[in-house]
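Peer 1:
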Amino acid sequence: MGLGIASYCLLWGGDYFVFKVNSPAYIVDKIRSAEKQGGTVELTDPDFNALLELSMRNKTLSGNLKVKGLYAQITDGKLKMYVPISYRGLNLIILSTGDLVYKDGLVVFQPYYIQVGKLQLPIGFVAKKLHSYSIAGGTIQDNGFVEMPKEVFPFHLTNLTVSGDKIVLVLDKVVPPQPQVVEHNPSPGSSSSPSNKGNSKVDLLKRGQSQLSEVYGSVKTAPEKEVIRQIQAVVAKMVDNPAYPFAAESQNVKAQYNHLSPEEKSDIKDAILMNMDTGTLREIKGTFGL
(Lines of atoms letter the chains of each structure in order from A; the text may use other names.)
(Lines give C-alpha, C1' and ligand atoms only; values in the text may rest on other atoms or scores of the structure.)
Protein backbone atom coordinates (compact mmCIF):
# COMPACT_ATOMS: atom_id res chain seq x y z
CA MET A 1 0.00 0.00 0.00
CA GLY A 2 1.32 3.45 -0.87
CA LEU A 3 2.29 6.00 1.77
CA GLY A 4 0.99 9.54 1.78
CA ILE A 5 -2.15 9.15 -0.32
CA ALA A 6 -3.79 12.55 -0.67
CA SER A 7 -7.39 13.34 -1.54
CA TYR A 8 -8.21 16.24 -3.85
CA CYS A 9 -11.72 17.69 -3.93
CA LEU A 10 -13.18 19.74 -6.78
CA LEU A 11 -16.42 21.67 -6.42
CA TRP A 12 -17.41 22.81 -9.89
CA GLY A 13 -20.78 24.16 -10.97
CA GLY A 14 -22.55 22.36 -8.15
CA ASP A 15 -20.79 19.05 -8.87
CA TYR A 16 -18.40 17.55 -6.33
CA PHE A 17 -15.43 15.41 -7.39
CA VAL A 18 -12.98 13.58 -5.12
CA PHE A 19 -9.70 12.11 -6.42
CA LYS A 20 -7.06 10.13 -4.55
CA VAL A 21 -3.43 10.75 -5.47
CA ASN A 22 -0.55 8.59 -4.27
CA SER A 23 2.85 9.98 -3.35
CA PRO A 24 4.85 10.53 -6.58
CA ALA A 25 7.94 9.16 -4.81
CA TYR A 26 6.09 5.96 -3.87
CA ILE A 27 4.80 5.26 -7.37
CA VAL A 28 8.17 5.99 -9.02
CA ASP A 29 9.82 3.57 -6.55
CA LYS A 30 7.17 0.98 -7.41
CA ILE A 31 7.86 1.33 -11.12
CA ARG A 32 11.64 1.39 -10.73
CA SER A 33 11.49 -1.85 -8.73
CA ALA A 34 9.68 -3.45 -11.68
CA GLU A 35 12.25 -1.98 -14.10
CA LYS A 36 15.07 -3.87 -12.38
CA GLN A 37 13.65 -7.15 -13.69
CA GLY A 38 11.57 -5.91 -16.60
CA GLY A 39 7.95 -6.96 -16.93
CA THR A 40 4.68 -5.35 -15.87
CA VAL A 41 3.31 -3.19 -13.09
CA GLU A 42 -0.33 -2.40 -12.35
CA LEU A 43 -1.50 1.13 -11.53
CA THR A 44 -4.64 2.02 -9.61
CA ASP A 45 -6.40 5.41 -9.75
CA PRO A 46 -4.17 6.94 -7.03
CA ASP A 47 -1.04 5.55 -8.75
CA PHE A 48 -1.94 6.93 -12.18
CA ASN A 49 -2.97 10.29 -10.72
CA ALA A 50 0.50 10.48 -9.14
CA LEU A 51 2.03 10.08 -12.61
CA LEU A 52 -0.28 12.77 -13.97
CA GLU A 53 0.81 15.02 -11.13
CA LEU A 54 4.43 14.37 -12.12
CA SER A 55 3.69 15.29 -15.72
CA MET A 56 2.07 18.51 -14.47
CA ARG A 57 5.03 19.64 -12.32
CA ASN A 58 5.94 22.26 -14.94
CA LYS A 59 2.40 23.48 -15.66
CA THR A 60 2.09 24.90 -19.14
CA LEU A 61 0.81 28.41 -19.58
CA SER A 62 -0.11 29.15 -23.18
CA GLY A 63 -1.84 32.38 -24.05
CA ASN A 64 -5.18 32.53 -22.22
CA LEU A 65 -5.18 28.92 -21.03
CA LYS A 66 -3.91 27.62 -17.69
CA VAL A 67 -4.27 23.95 -16.81
CA LYS A 68 -4.81 23.71 -13.06
CA GLY A 69 -4.76 19.95 -12.67
CA LEU A 70 -5.18 16.58 -14.31
CA TYR A 71 -7.11 13.71 -12.71
CA ALA A 72 -8.38 10.33 -13.87
CA GLN A 73 -10.72 7.51 -12.90
CA ILE A 74 -10.24 4.03 -14.40
CA THR A 75 -13.45 2.02 -14.87
CA ASP A 76 -14.32 -0.98 -17.06
CA GLY A 77 -11.16 -0.61 -19.13
CA LYS A 78 -11.87 3.05 -19.90
CA LEU A 79 -10.38 6.29 -18.66
CA LYS A 80 -12.44 9.25 -17.46
CA MET A 81 -10.45 12.48 -17.40
CA TYR A 82 -11.11 15.64 -15.37
CA VAL A 83 -9.13 18.74 -16.35
CA PRO A 84 -9.82 21.98 -14.41
CA ILE A 85 -8.67 24.98 -16.45
CA SER A 86 -8.75 28.74 -16.48
CA TYR A 87 -9.51 30.24 -19.89
CA ARG A 88 -9.86 33.99 -20.53
CA GLY A 89 -10.53 34.54 -16.84
CA LEU A 90 -13.21 31.82 -16.62
CA ASN A 91 -12.80 28.72 -14.44
CA LEU A 92 -13.97 25.66 -16.37
CA ILE A 93 -13.64 21.89 -16.18
CA ILE A 94 -13.13 19.61 -19.17
CA LEU A 95 -14.53 16.09 -18.78
CA SER A 96 -13.98 13.23 -21.18
CA THR A 97 -14.17 9.43 -21.31
CA GLY A 98 -12.10 7.42 -23.75
CA ASP A 99 -9.47 4.78 -24.43
CA LEU A 100 -5.85 4.99 -23.29
CA VAL A 101 -3.47 3.20 -25.67
CA TYR A 102 0.24 2.99 -26.45
CA LYS A 103 1.32 3.43 -30.08
CA ASP A 104 4.65 4.24 -31.75
CA GLY A 105 6.27 5.56 -28.56
CA LEU A 106 3.24 7.67 -27.64
CA VAL A 107 0.70 7.35 -24.84
CA VAL A 108 -2.57 8.33 -26.55
CA PHE A 109 -5.92 9.26 -25.02
CA GLN A 110 -8.73 8.74 -27.55
CA PRO A 111 -11.89 10.51 -26.34
CA TYR A 112 -15.46 9.39 -27.03
CA TYR A 113 -16.74 12.86 -26.16
CA ILE A 114 -15.52 16.14 -24.68
CA GLN A 115 -17.64 18.09 -22.22
CA VAL A 116 -16.83 21.61 -21.01
CA GLY A 117 -18.76 22.29 -17.84
CA LYS A 118 -22.32 21.07 -18.50
CA LEU A 119 -22.03 21.47 -22.27
CA GLN A 120 -20.96 18.60 -24.54
CA LEU A 121 -19.13 19.97 -27.57
CA PRO A 122 -18.05 18.39 -30.87
CA ILE A 123 -14.60 16.85 -30.49
CA GLY A 124 -13.35 18.56 -33.65
CA PHE A 125 -14.44 21.98 -32.37
CA VAL A 126 -12.61 21.57 -29.04
CA ALA A 127 -9.53 20.13 -30.76
CA LYS A 128 -9.35 23.14 -33.08
CA LYS A 129 -9.59 25.57 -30.15
CA LEU A 130 -6.95 23.76 -28.05
CA HIS A 131 -4.68 22.48 -30.83
CA SER A 132 -1.90 25.00 -30.11
CA TYR A 133 -1.79 24.24 -26.38
CA SER A 134 0.29 21.73 -24.45
CA ILE A 135 -1.28 19.84 -21.55
CA ALA A 136 1.16 17.99 -19.26
CA GLY A 137 3.62 17.51 -22.10
CA GLY A 138 0.93 16.23 -24.46
CA THR A 139 -0.40 17.77 -27.66
CA ILE A 140 -4.00 17.80 -28.88
CA GLN A 141 -4.43 16.53 -32.43
CA ASP A 142 -7.06 17.61 -34.97
CA ASN A 143 -9.08 14.45 -34.23
CA GLY A 144 -9.13 15.26 -30.50
CA PHE A 145 -6.57 12.62 -29.53
CA VAL A 146 -4.13 13.72 -26.82
CA GLU A 147 -0.64 12.36 -27.54
CA MET A 148 2.09 12.27 -24.88
CA PRO A 149 5.60 11.03 -25.74
CA LYS A 150 6.73 8.28 -23.40
CA GLU A 151 9.70 10.47 -22.39
CA VAL A 152 7.27 12.59 -20.35
CA PHE A 153 7.39 9.84 -17.73
CA PRO A 154 10.61 8.96 -15.83
CA PHE A 155 10.73 5.26 -16.73
CA HIS A 156 11.32 3.01 -19.75
CA LEU A 157 7.84 2.22 -21.09
CA THR A 158 7.37 -0.28 -23.95
CA ASN A 159 3.61 -0.84 -23.83
CA LEU A 160 0.45 0.05 -21.94
CA THR A 161 -2.99 -1.53 -21.61
CA VAL A 162 -6.09 -0.78 -19.54
CA SER A 163 -7.80 -3.74 -17.88
CA GLY A 164 -10.80 -3.36 -15.58
CA ASP A 165 -9.94 -0.67 -13.04
CA LYS A 166 -6.15 -0.79 -13.55
CA ILE A 167 -3.58 0.42 -16.06
CA VAL A 168 -0.89 -2.14 -16.86
CA LEU A 169 2.56 -0.82 -17.84
CA VAL A 170 5.06 -3.01 -19.67
CA LEU A 171 8.61 -1.96 -18.84
CA ASP A 172 12.07 -2.56 -20.26
CA LYS A 173 14.66 -4.03 -17.94
CA VAL A 174 17.02 -1.21 -16.97
CA VAL A 175 20.75 -1.85 -16.77
CA PRO A 176 22.50 0.67 -14.48
CA PRO A 177 24.85 2.94 -16.45
CA GLN A 178 28.60 2.51 -16.04
CA PRO A 179 30.94 5.43 -15.32
CA GLN A 180 32.48 6.83 -18.49
CA VAL A 181 36.06 5.97 -19.37
CA VAL A 182 38.04 8.98 -20.50
CA GLU A 183 39.87 8.42 -23.78
CA HIS A 184 42.80 10.82 -23.70
CA ASN A 185 44.09 10.09 -27.21
CA PRO A 186 41.23 9.18 -29.53
CA SER A 187 42.25 8.09 -32.99
CA PRO A 188 42.01 10.77 -35.69
CA GLY A 189 39.70 8.59 -37.77
CA SER A 190 37.21 7.94 -35.00
CA SER A 191 33.61 8.25 -36.19
CA SER A 192 32.27 9.28 -32.78
CA SER A 193 31.90 12.89 -31.81
CA PRO A 194 32.88 13.30 -28.13
CA SER A 195 32.63 17.07 -28.41
CA ASN A 196 29.00 16.99 -29.52
CA LYS A 197 28.08 14.37 -26.93
CA GLY A 198 29.89 16.35 -24.25
CA ASN A 199 28.14 19.58 -25.19
CA SER A 200 24.74 17.88 -25.03
CA LYS A 201 25.54 16.40 -21.62
CA VAL A 202 26.80 19.73 -20.33
CA ASP A 203 23.57 21.46 -21.39
CA LEU A 204 21.59 18.83 -19.50
CA LEU A 205 23.78 19.12 -16.41
CA LYS A 206 23.58 22.91 -16.43
CA ARG A 207 19.81 22.67 -16.48
CA GLY A 208 20.07 20.17 -13.65
CA GLN A 209 22.17 22.61 -11.62
CA SER A 210 19.42 25.20 -11.80
CA GLN A 211 16.72 22.70 -10.89
CA LEU A 212 18.77 21.30 -7.98
CA SER A 213 18.73 24.77 -6.46
CA GLU A 214 14.93 24.50 -6.38
CA VAL A 215 15.23 21.02 -4.88
CA TYR A 216 17.57 22.32 -2.16
CA GLY A 217 15.06 25.02 -1.25
CA SER A 218 12.23 22.46 -1.08
CA VAL A 219 13.76 19.90 1.29
CA LYS A 220 13.37 20.44 5.03
CA THR A 221 15.96 18.92 7.36
CA ALA A 222 19.71 19.54 7.56
CA PRO A 223 20.59 15.93 6.53
CA GLU A 224 18.31 16.23 3.48
CA LYS A 225 19.96 19.51 2.47
CA GLU A 226 23.43 17.99 2.91
CA VAL A 227 22.59 15.15 0.48
CA ILE A 228 21.37 17.66 -2.12
CA ARG A 229 24.42 19.86 -1.51
CA GLN A 230 26.72 16.89 -2.25
CA ILE A 231 24.76 16.09 -5.42
CA GLN A 232 25.15 19.73 -6.49
CA ALA A 233 28.91 19.53 -5.90
CA VAL A 234 29.29 16.42 -8.08
CA VAL A 235 27.09 17.87 -10.82
CA ALA A 236 29.21 21.04 -10.84
CA LYS A 237 32.34 18.93 -11.44
CA MET A 238 30.57 17.06 -14.24
CA VAL A 239 29.62 20.37 -15.88
CA ASP A 240 33.31 21.29 -15.96
CA ASN A 241 34.23 17.81 -17.24
CA PRO A 242 31.41 15.60 -18.67
CA ALA A 243 33.72 12.57 -18.38
CA TYR A 244 34.45 13.23 -14.70
CA PRO A 245 34.88 9.89 -12.81
CA PHE A 246 31.91 10.35 -10.49
CA ALA A 247 31.50 6.73 -9.29
CA ALA A 248 33.20 7.04 -5.87
CA GLU A 249 31.46 10.29 -4.99
CA SER A 250 28.07 9.07 -6.16
CA GLN A 251 28.49 6.04 -3.90
CA ASN A 252 29.22 8.38 -0.99
CA VAL A 253 26.04 10.33 -1.75
CA LYS A 254 24.07 7.08 -1.93
CA ALA A 255 25.51 5.91 1.40
CA GLN A 256 24.55 9.17 3.10
CA TYR A 257 21.09 9.00 1.55
CA ASN A 258 20.65 5.44 2.89
CA HIS A 259 21.22 6.73 6.44
CA LEU A 260 18.23 9.09 6.21
CA SER A 261 14.91 8.25 7.81
CA PRO A 262 12.10 6.97 5.53
CA GLU A 263 10.38 10.36 5.84
CA GLU A 264 13.55 12.21 4.79
CA LYS A 265 14.08 9.89 1.82
CA SER A 266 10.49 10.52 0.74
CA ASP A 267 10.97 14.29 1.10
CA ILE A 268 14.05 14.21 -1.14
CA LYS A 269 12.38 12.07 -3.79
CA ASP A 270 9.28 14.25 -3.83
CA ALA A 271 11.40 17.42 -4.11
CA ILE A 272 13.42 15.96 -7.00
CA LEU A 273 10.34 14.68 -8.82
CA MET A 274 8.46 17.96 -8.47
CA ASN A 275 11.32 20.29 -9.44
CA MET A 276 13.23 18.46 -12.18
CA ASP A 277 12.22 17.67 -15.75
CA THR A 278 12.40 14.18 -17.22
CA GLY A 279 15.84 14.59 -18.81
CA THR A 280 17.57 15.88 -15.68
CA LEU A 281 15.63 13.43 -13.53
CA ARG A 282 17.02 10.51 -15.53
CA GLU A 283 20.54 11.93 -15.33
CA ILE A 284 20.34 12.21 -11.54
CA LYS A 285 18.82 8.73 -11.29
CA GLY A 286 21.57 7.24 -13.47
CA THR A 287 24.39 9.03 -11.67
CA PHE A 288 23.33 8.64 -8.04
CA GLY A 289 20.81 5.78 -8.09
CA LEU A 290 18.22 7.68 -6.04
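Numbering (the numbering used here), first residue to last: 1 to 290.
Where is the CB? At the ideal position from N, CA and C, for every residue including glycine.
In this text, all values refer to a predicted model and were calculated from it rather than measured experimentally.
(1) So the candidates are Met276, Asp277, Asp240 and Pro223; which of them puts its Cα closest to the Cα of Lys254?
(2) By Cβ distance below 6 Å, which residues in the same chain neighbour Gly289 in space, the five residues on each side in sequence not counted?
(3) Whole angstroms is fine: what's the gap from His259's alpha carbon to Lys225's?
(4) Output the residue ranges of the beta strand (DSSP E) runs that lie fully inside the stretch 87-124 and measure 3 residues or longer, sorted by chain position.
(5) Taking Cβ to Cβ, would you say Lys173 is nearer than 9 Å to Gly39?
(6) Taking C-beta to C-beta, are Tyr82 and Ile94 nearer than 9 Å?
(7) Nearest to Val146 by alpha carbon, out of Ile272, His131, Gln256 and Gln232?
(8) Curious, which full-length beta strand (DSSP E) runs of at least 3 residues does the stretch 25-74 contain?
(9) Are Leu65 and Leu52 closer than 9 Å when you measure CB to CB?
(10) Can you tell me the Cα-Cα spacing of Glu214 and Ser23, whole angstroms?
(11) My output table needs one value for Thr161: the three-state DSSP class, helix, strand or coil.
(12) Any heavy atom of the ligand NAD closer than 8 Å to the Cβ of Asp240?
(13) Which whole-angstrom value describes the C-beta separation of Leu79 and Val21, a residue pair presumed to lie in contact below a C-beta threshold of 8 Å?
(14) Where does Thr139 fall in DSSP's three states?
Peer 2: In this structure, then:
(1) Nearest option by C-alpha distance: Pro223.
(2) Lys254
(3) 13 Å
(4) 90-103, 106-111, 114-116 and 119-121
(5) yes
(6) yes
(7) His131
(8) 39-43 and 65-67
(9) Contact flag unset, no.
(10) 19 Å
(11) Strand at Thr161.
(12) Summarising the ligand content, the structure contains no ligands, and the ligand NAD is consequently not present.
(13) Between Val21 and Leu79 the Cβ distance is about 16 Å, and since that is not below 8 Å, they are no contact.
(14) Strand, per DSSP.
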